[in-house]
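These notes are about the structure you will find just below.
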Amino acid sequence: MILHEFIDYETLRVIWWLLLGVVLIAFAATGGFDLGVGTLLPFVARTDTERRVAINTIGATWEGNQVWLILGGGAIFAAWPPLYAVSFSGFYLAMFAILFALILRPVGFKYRSKRDSARWRSGWDWALFVGGFVPSLIFGVAVGNVLQGVPFRFADDMRIFYEGSFFALLNPYALLCGLLSVAMLTMHGAAWLVVKASGPVAERARSYGSIAALAAILLFALGGLFLWTGVSGYRITSDISPIGPSNPLLKTVVIENGAWLANYSVHSWMIVAPILGFAGAALASIAMRARREVITLVFSKIAILGIISTVGLSMFPFILPSSLDPRSSLTVWDASSSHQTLFIMLVVSAIFLPIIVAYTAWVYKVLWGKVDEKSVTDKNGHAY
């Protein structure tokens, strides 16, 4: 027996679908609070020292958190090549906007305190706000468009044609999902500030964070309501082999109302995902007001797990549906790399993912503790 045949193709495809979800959730749970802190910066900090406190709560770890974003892009490239080709070309301008906003963050960290000028520092603080708010919004907008279907198609020779535009992405439902993403990550950023900051910054974070959590609950409910009543889903109407070739044109797909909710009637256990989303956000809001710290962050992470998992489970087995030609829609069963490639990547991931998790946990342990005004004004320190 060839080594990679110890795990069948169908199982490998599901494993890599799960791993992609894990990586995306890990990025939202770590890099997400970096984005949330940036979004909250103009609201929770009113003096230069307070802004430095907020910035330095994420200053020591934000670069490490970016690893999950890079892993996500790498996983899509290696495990789901058609998904990479369509999304990274079709969403080119949106991704450029995200990258531009993310580039503002390290530049803002490094340069804001280089000059003793209130106008100079204020400008970089607003750049940090953009670096948090814009990616948070566009990530959600992208998910909203994926749920509605993306205007692409495959020709018979598998050439990709994308017929959308950047401004077409900014449709009402996608913007609703974008606002949900902003609310969710703002809640998470506030939860992080409650744990890591002290004084007025932490107090204001409790107030804004509890409001953001309630907004996330409302927007999550509205998103689900529109999926049920107004946003059409996708359903495979032909036979499709879980171990078949990676050619999406070999199936037929229809668009129908309520299709994204069909999985919950077939697999009732999936209802756990939206329950975690609602419960996590509600408990995070309560914990913030009750002045609980670490448990607030835990509940916030549970909300993120529930909300993102709800999207993945609702769409399964679809990964990227096509509104232009439904049969071109990419699914778990027809958009992956080869059997051997998935197996080799799984072995590599089994070696390196635990190392990344262990190293990340060690870094957070070493750097644990609150950031206060004394630590950021210490001339002998290394604070931003």
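Quick note: my numbering has the sequence shown finishing at residue 442, numbered continuously throughout.
Glycine included, each C-beta is placed from N, C-alpha and C at the ideal position.
This one's a predicted model, so the numbers in the text were calculated from it and none came from an experiment.
Exercise for the section: Measure the Cβ-Cβ separation of G335 and L98 and say whether it is below 9 Å. Expected result: Stepping through the sequence shown from its first residue, residue 335 is reached at position 277. Stepping through the sequence shown from its first residue, residue 98 is reached at position 40. Between G335 and L98, the gap from beta carbon to beta carbon reaches 9 Å or more.
Handout entry: Secondary structure of V125, DSSP reduced to three states
Key = In the sequence shown, residue 125 corresponds to position 67, counting from 1. The DSSP-derived three-state label of V125 is helix.
Exercise for the section: Taking only runs that begin and end inside the region 189-262, name each unbroken alpha helix (DSSP H) of 4 or more residues, in chain order. Expected result: DSSP runs (the alpha helix (DSSP H)) wholly in the region 189-262: 230-254.
Problem - Short Cβ contact (9 Å threshold) for A155 with W126 - result: To locate residue 155, count along the sequence shown from 1; it is residue 97. To locate residue 126, count along the sequence shown from 1; it is residue 68. For A155 and W126, no; Cβs fall outside 9 Å.
Practice task
Below 8 Å on the Cβ atoms is my guess for Y292 versus P384; work out the distance and round it to an integer in Å.
Solution key: Numbered from its first residue, the sequence shown carries residue 292 at position 234. Numbered from its first residue, the sequence shown carries residue 384 at position 326. Y292 to P384, Cβ: 6 Å. Contact.
Practice task
Please state whether DSSP places Y266 in a helix, a strand or coil.
Solution key: If you number the sequence shown from 1, residue 266 lands on position 208. Three-state result, Y266: helix.
Exercise for the section: Specify, as a first and last residue, the run of the beta strand (DSSP E) that M291 falls within. Expected result: As a working note, residue 291 is residue 233 in the sequence shown. In the sequence as displayed, the identity of residue 291 is Gly instead of Met. S290 to I294 is the span of the beta strand (DSSP E), which, as asked, contains G291.
Practice task
Answer yes if the region 394-414 comes into contact with the region 213-232, meaning at least three C-beta pairs across the two stretches below 8 Å, and no otherwise.
Solution key: Contact between the region 213-232 and the region 394-414 is absent, because fewer than three Cβ pairs lie under 8 Å.
Handout entry: Limits of the beta strand (DSSP E) - the one that V311 falls within
Key = On the sequence shown, position 253 is the one that residue 311 refers to. It spans V311 to N315 - the beta strand (DSSP E) in which V311 sits, taken as one unbroken run.
Handout entry: I365 to P332 span [Cα, whole Å]
Key = In the sequence shown, the residue the question calls residue 365 occupies position 307. In the sequence shown, the residue the question calls residue 332 occupies position 274. Approximately 6 Å, taken between the alpha carbons.
Practice task
Work out the CA separation of A241 and L277 for me, nearest whole Å.
Solution key: Taking the sequence shown and counting its residues from 1, the one referred to as residue 277 is at position 219. Taking the sequence shown and counting its residues from 1, the one referred to as residue 241 is at position 183. Each residue's alpha carbon lies about 8 Å from the other.
Practice task
Please report how far the alpha carbon of T368 lies from the alpha carbon of G90, in whole angstroms.
Solution key: By one-based count along the sequence shown, residue 368 stands at place 310. By one-based count along the sequence shown, residue 90 stands at place 32. The alpha-carbon separation between T368 and G90 amounts to approximately 18 Å.
Practice task
Kindly list the residues whose CB is nearer than 8 Å to the CB of A152, restricted to its own chain and excluding five residues on each side of it in sequence; keep chain order.
Solution key: Reading the sequence shown from its first residue, position 94 is the one you call residue 152. Excluding sequence positions up to five before and after A152, its CB lies within less than 8 Å of the CB of I196, V199, A200, F224 and L227, all in the same chain and listed in chain order.
Practice task
Could you check what DSSP says for V369 in three-state terms: helix, strand or coil?
Solution key: Position 311 of the sequence shown, counted from the first residue, corresponds to residue 369. The answer is helix: DSSP assigns V369 an H, G or I state.
Problem - Distance, L129 Cα to S145 Cα - result: Locating residue 145 in the sequence shown gives position 87, where the first residue counts as 1. Locating residue 129 in the sequence shown gives position 71, where the first residue counts as 1. Their backbone Cα atoms lie some 16 Å apart in a straight line.
Exercise for the section: Would you check if the region 167-178 and the region 210-217 touch, i.e. whether three or more CB-CB distances between them fall below 8 Å? Expected result: No: fewer than three Cβ pairs fall under 8 Å.
Exercise for the section: Could you check the C-alpha separation between V102 and V259 for me, to the nearest Å? Expected result: For this step, residue 102 is matched to residue 44 along the sequence shown. For this step, residue 259 is matched to residue 201 along the sequence shown. Between V102 and V259, the C-alpha separation is close to 5 Å.
Exercise for the section: Could you have a look at I443 and say whether DSSP puts it in helix, strand or coil? Expected result: With the chain covering only 59 through 442, there is no way to say anything about residue 443.
Problem - As assigned by DSSP and simplified to three states, the class of V390 - result: Here residue 390 refers to the residue found at position 332 of the sequence shown. Secondary structure of V390 (DSSP, three-state): coil.
Exercise for the section: Using the DSSP secondary-structure output, state which residues sit across from V429 in a beta bridge. Expected result: Here residue 429 refers to the residue found at position 371 of the sequence shown. A255.
Handout entry: Residues of its chain near N123, where Cβ-Cβ distance is below 7 Å and the 5 sequence neighbours each way are ignored
Key = Along the sequence shown, read from residue 1 onward, the residue named residue 123 stands at position 65. Excluding residues within five positions, the ones whose Cβ falls inside 7 Å are T88, G89 and D92.
Handout entry: Any 3 or more C-beta pairs closer than 8 Å across the region 384-393 and the region 302-310
Key = Output reads yes: the region 302-310 touches the region 384-393.
Exercise for the section: Just mark E3 as buried or exposed, buried being the case when its beta carbon has 16 or more other beta carbons within 10 Å. Expected result: Outside the shown range of the chain (59 to 442) lies residue 3, about which nothing can therefore be said.
Problem - Whole-number beta carbon distance between I301 and D66, since they are thought to touch under 8 Å - result: Here residue 66 corresponds to residue number 8 of the sequence shown, with the count starting at 1. Here residue 301 corresponds to residue number 243 of the sequence shown, with the count starting at 1. Their Cβ separation, rounded to whole angstroms, is 7 Å, which keeps D66 and I301 in contact under 8 Å.
Problem - Distance between beta carbons of I218 and S265, contact taken as under 8 Å - result: For the purposes of this step, residue 265 is taken as the residue at position 207 of the sequence shown. For the purposes of this step, residue 218 is taken as the residue at position 160 of the sequence shown. Between I218 and S265 the Cβ distance is about 47 Å, and since that is not below 8 Å, they are no contact.
Exercise for the section: Assign T119 to one of three DSSP states: helix, strand, or coil. Expected result: Start at 1 with the first residue of the sequence shown, and residue 119 comes out as number 61. Assignment of T119 by DSSP, reduced to helix, strand and coil, places it in the coil class.
Practice task
Compare the beta carbon distance of L78 and W138 with 9 Å and say whether it is the shorter of the two.
Solution key: In the sequence shown, the residue the question calls residue 78 occupies position 20. In the sequence shown, the residue the question calls residue 138 occupies position 80. Here L78 is near W138, since their CB atoms are less than 9 Å apart.
Practice task
Pull up the CB-CB distance for V434 and R110, whole angstroms please, since I reckon it's below 8 Å.
Solution key: Position 376 of the sequence shown, counted from the first residue, corresponds to residue 434. Position 52 of the sequence shown, counted from the first residue, corresponds to residue 110. With a Cβ gap of about 4 Å, V434 and R110 count as contacting.
Handout entry: G338: first and last residue of the uninterrupted alpha helix (DSSP H) it sits in
Key = Working through the sequence shown from its first residue, we reach residue 338 at position 280. Where G338 is concerned, the enclosing alpha helix (DSSP H) stretches over V330 to R347.
Handout entry: First and last residue of the uninterrupted alpha helix (DSSP H) at W138
Key = Against the sequence shown, residue 138 aligns to sequence position 80. Unbroken run through W138: none, as it is neither H nor E.
Exercise for the section: Please say whether A112 and A342 have beta carbons closer to each other than 9 Å? Expected result: The residue you call residue 342 lines up with position 284 of the sequence shown. The residue you call residue 112 lines up with position 54 of the sequence shown. No, the pair does not count as a contact, with Cβ atoms beyond the cut-off.
Problem - Contacts around V81, its chain only, beta-carbon distance under 8 Å, and the 5 residues preceding and following it disregarded - result: Here the question's residue 81 lines up with position 23 in the sequence shown. Its chain contains W126, L129, G130 and A133 as the residues whose beta carbon lies nearer than 8 Å to that of V81, once the 5 sequence neighbours on both sides are disregarded; these appear in chain order.
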